[in-house]
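Undergrad: Residue numbering for the sequence shown follows UniProt numbering, beginning at 1 and increasing consecutively.
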Amino acid sequence: MLSLNRSCSFNQLPVEIWDIVFSFMEPVFDASKENSKSITFIQTYTRKLREWNAARSTSSIFYNVVKSSFSVLDLSPLFSTEIITIAKVSDEMNPFMPSKKQGFTWSFITDDQLEKEESVNKIFKRQDEVCKYLVRGVGNGFSSISKLVLDNMYRLQEAQLEQLCDMLPNLTHLSLLHCNNVKHFNVSKHAKISHFRIHAFQLDLRIELTRQQYSQQINRVITIEVEGGYEVFLSYLAKQLVHTVKACHRYRVGDLKKIVAPFLEKEPPSIRFIFAGTDLDDERFLPDCSISTYCTLHVVCRN
Numbered sequence: 001m002l003s004l005n006r007s008c009s010f011n012q013l014p015v016e017i018w019d020i021v022f023s024f025m026e027p028v029f030d031a032s033k034e035n036s037k038s039i040t041f042i043q044t045y046t047r048k049l050r051e052w053n054a055a056r057s058t059s060s061i062f063y064n065v066v067k068s069s070f071s072v073l074d075l076s077p078l079f080s081t082e083i084i085t086i087a088k089v090s091d092e093m094n095p096f097m098p099s100k101k102q103g104f105t106w107s108f109i110t111d112d113q114l115e116k117e118e119s120v121n122k123i124f125k126r127q128d129e130v131c132k133y134l135v136r137g138v139g140n141g142f143s144s145i146s147k148l149v150l151d152n153m154y155r156l157q158e159a160q161l162e163q164l165c166d167m168l169p170n171l172t173h174l175s176l177l178h179c180n181n182v183k184h185f186n187v188s189k190h191a192k193i194s195h196f197r198i199h200a201f202q203l204d205l206r207i208e209l210t211r212q213q214y215s216q217q218i219n220r221v222i223t224i225e226v227e228g229g230y231e232v233f234l235s236y237l238a239k240q241l242v243h244t245v246k247a248c249h250r251y252r253v254g255d256l257k258k259i260v261a262p263f264l265e266k267e268p269p270s271i272r273f274i275f276a277g278t279d280l281d282d283e284r285f286l287p288d289c290s291i292s293t294y295c296t297l298h299v300v301c302r303n
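1) With a 10 Å radius around its C-beta and 16 neighbouring C-beta atoms as the bar for buried, classify Glu82 as buried or exposed.
2) Could you pull the DSSP bridge partners for Phe233 from this structure?
3) Quick one, are the C-beta atoms of Phe273 and Leu297 less than 7 Å apart?
4) Three or more C-beta pairs closer than 8 Å, one from the region 217-227 and one from the region 130-137: is that the case here?
5) How is the alpha helix (DSSP H) around Pro262 delimited, first residue to last?
6) Measure the C-alpha to C-alpha separation of Lys101 and Leu237 and round it to an integer number of angstroms.
7) Which ranges does the beta strand (DSSP E) cover as unbroken runs of at least 3 residues, wholly within the region 162-187, from first to last along the chain?
8) Assign Asn152 to buried or exposed, taking buried as 16 or more other Cβ atoms, counted over all protein chains shown, within 10 Å of its Cβ.
9) Flag this pair as touching only if the region 176-186 and the region 197-212 have three or more C-beta atom pairs under 8 Å; answer yes or no.
10) For Arg284, which three-state DSSP category applies?
11) Quick one: give me the first and last residue of the alpha helix (DSSP H) that Met93 is part of.
12) Classify Tyr154: buried if its beta carbon has 16 or more other beta carbons within 10 angstroms, exposed otherwise.
13) Which of the three DSSP states, helix, strand or coil, is assigned to Leu73?
14) Considering only the beta carbon of each residue, do Pro98 and Phe104 sit closer than 7 Å?
15) Under the three-state reduction of DSSP, which class applies to Asp151: helix, strand or coil?
16) Do you know whose CA, among Lys258, Lys246 and Gln163, lies nearest Gln233's CA?
17) Do Ser76 and Val135 have their C-beta atoms within less than 7 Å of each other?
18) Is Ile123 helix, strand or coil by DSSP?
19) Exposed or buried, Asn5, counting other C-beta atoms within 10 Å across all chains shown (16 or more means buried)?
20) Could you tell me whether the Cβ atoms of Arg252 and Glu283 are closer together than 7 Å?
21) With a threshold of 7 Å on Cβ separation, who are the neighbours of Ile218 within its own chain once the five nearest residues in sequence on each side are excluded?
22) DSSP three-state call for Val138: helix, strand or coil?
23) For Asn35, collect the residues of the same chain with a Cβ closer than 7 Å to its Cβ; drop the 5 residues on either side in sequence, then sort them by chain order.
24) Apart from the five residues on each side of it in sequence, which residues of its chain come closer than 6 Å, Cβ to Cβ, to Asn121?
25) For the candidate residues Pro268, Ser143, Val260 and Val221, whose alpha-carbon lies nearest to that of Met167?
26) Apart from the five residues just before and just after Glu208, which ones in its own chain have a Cβ nearer than 6 Å to its Cβ?
27) Relative to the C-alpha of His190, which residue among Leu171, Asp204 and Arg206 is closest?
28) Can you tell me whether Arg302 is buried or exposed? The criterion is at least 16 other CB atoms within 10 Å of its CB, across all chains shown.
29) Just the Cα atoms here: how many angstroms apart are Asp112 and Ser80?
30) Are Val89 and Glu117 touching if we call contact CB-CB under 7 Å?
31) Relative to the C-alpha of Gln160, which candidate in His173, Gly137, Lys147 and Ser146 has its C-alpha closest?
32) For the alpha helix (DSSP H) containing Thr110, name the first residue and the last one.
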């Protein structure tokens, strides 16, 4: 029998329970060859999963209380260790480093490249199955959830996230740290979601969310909390303002322009950054321009 710890708030289903549920399927992920032992594992754990669902459906009173009571679901600990492994392998395969001829060199690495590493491939297979179960299991039974933390689910797909959010009508807070396959999210489709949490490395998603944050089509205040990176100041004399923005050493100058363009109400090509008297080129990385924490960039916009 599973019980709640007194120090655990009742609005958060203990992650240990989810860990047990998801672990039912782990032998399937490890069964790389179709031998009798792996088939037995699959049959045994499939039966256990059916028993879990049967017990849940017969205990309707408990289940109805649970699904209508929990408002926070934090699944970030499920893959907190695995995401470190993925990051380490990624950095080893694709280091961000200076080049004598070209300045800094780096490009976003693909999943196909990462899958060649056995340790990462195993993590990806488990995450793929968990993400599928996440939509079926969580989306169908926990409509009261208002805060959903999916940090470290590197393999979560955009379609899965959209489907899950469609099933959670009360969702207001969504945390997607290290969900690197999620690059687009349509805020207008989800009337209540107003708070996002992402990492500075998630450049495509950040640009997309920022564009919608300042869109006139969104009739609510959208907050984007960016983890990682460092702060730089933008001095825009035309509007007599200084704006603070989170930057990242893996950003190019052009990337930073795309991030701030919606706030400035300008198109990225019309924005110029001046630093130390130099007009910065879009293709250069920020460290290549000696831009670091608390540096001030002067903004000039063409009409």
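Quick reminder that beta carbons are idealized off the backbone N, C-alpha and C, glycines included.
Since this is a predicted model, take the numbers as computed values, not measurements.
TA: Taking the geometry as given:
1) buried
2) Thr244 and Thr296
3) yes
4) no
5) Val253 to Leu264
6) 35 Å
7) 173-175
8) buried
9) yes
10) coil
11) Ser80 to Met93
12) buried
13) strand
14) yes
15) coil
16) Looking at the sequence provided, one finds Phe at residue 233 rather than Gln. Out of Lys258, Lys246 and Gln163, Lys246 has the C-alpha closest to the C-alpha of Phe233.
17) no
18) helix
19) A caution first: Asn5 carries a pLDDT of 38, below 50, which makes its placement in the model unreliable, though a value can still be read off. Classification for Asn5: exposed.
20) yes
21) Val187, Ser188 and Gln212
22) helix
23) Low confidence applies to Asn35: its pLDDT is 46, below 50, so where it sits in the model is not reliable, and the reading given next is rough at best. Once the five neighbours on either side are set aside, Asn35 has no close Cβ partner at all.
24) Glu115
25) Ser143
26) His184
27) Leu171
28) exposed
29) 22 Å
30) yes
31) Gly137
32) Per DSSP, Thr110 belongs to no alpha helix (DSSP H) and is neither H nor E.
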